[in-house]
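Novice: Numbering (this note's numbering), first residue to last: 148 to 208. Structure in structure tokens, see below.
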């Protein structure tokens with residue numbers, strides 16, 4: 148398995164953000180899925196970035 152330091156969780160819901168927090172790994176939020184629709188939806192969740200398209204996710208890799 149991968150080490151925690153080598154992981155990031157990419158997701159579009161509050162459950163994804165909570166899972167990343169619980170696991171102690173960075174979270175990248177996406178606003179093009181079924182959950183988060185804007186940056187305002189993320190104010191309560193720590194995240195290292197926000198992507199509004201799949202291509203924007205590559206910025207962090």
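Yeah, the Cβ is synthetic: ideal placement off N, Cα and C, and Gly gets one too.
With the cut-off set at 8 Å, would you say residue 192 and residue 161 are in Cβ contact?
Specialist: Contact flag set, yes.
Novice: Taking the straight line between their C-alpha atoms, what separation do you get for residue 165 and residue 189?
Specialist: Looking at the two C-alpha atoms, the distance is approximately 11 Å.
Novice: Here's a check: name, in chain order, each residue in its chain whose Cβ is nearer than 7 Å to the Cβ of residue 186, leaving out the five neighbours to either side.
Specialist: The residues are 197.
Novice: List the residues that DSSP assigns as beta-bridge partners of residue 176.
Specialist: Answer is 158, 197.
Novice: Given residue 172, which residues of its chain have a CB within under 7 Å of its CB, disregarding the five upstream and five downstream residues?
Specialist: If we look at residue 172 and ignore the five residues flanking it on each side, its Cβ neighbours are 151, 154, 155, 156.
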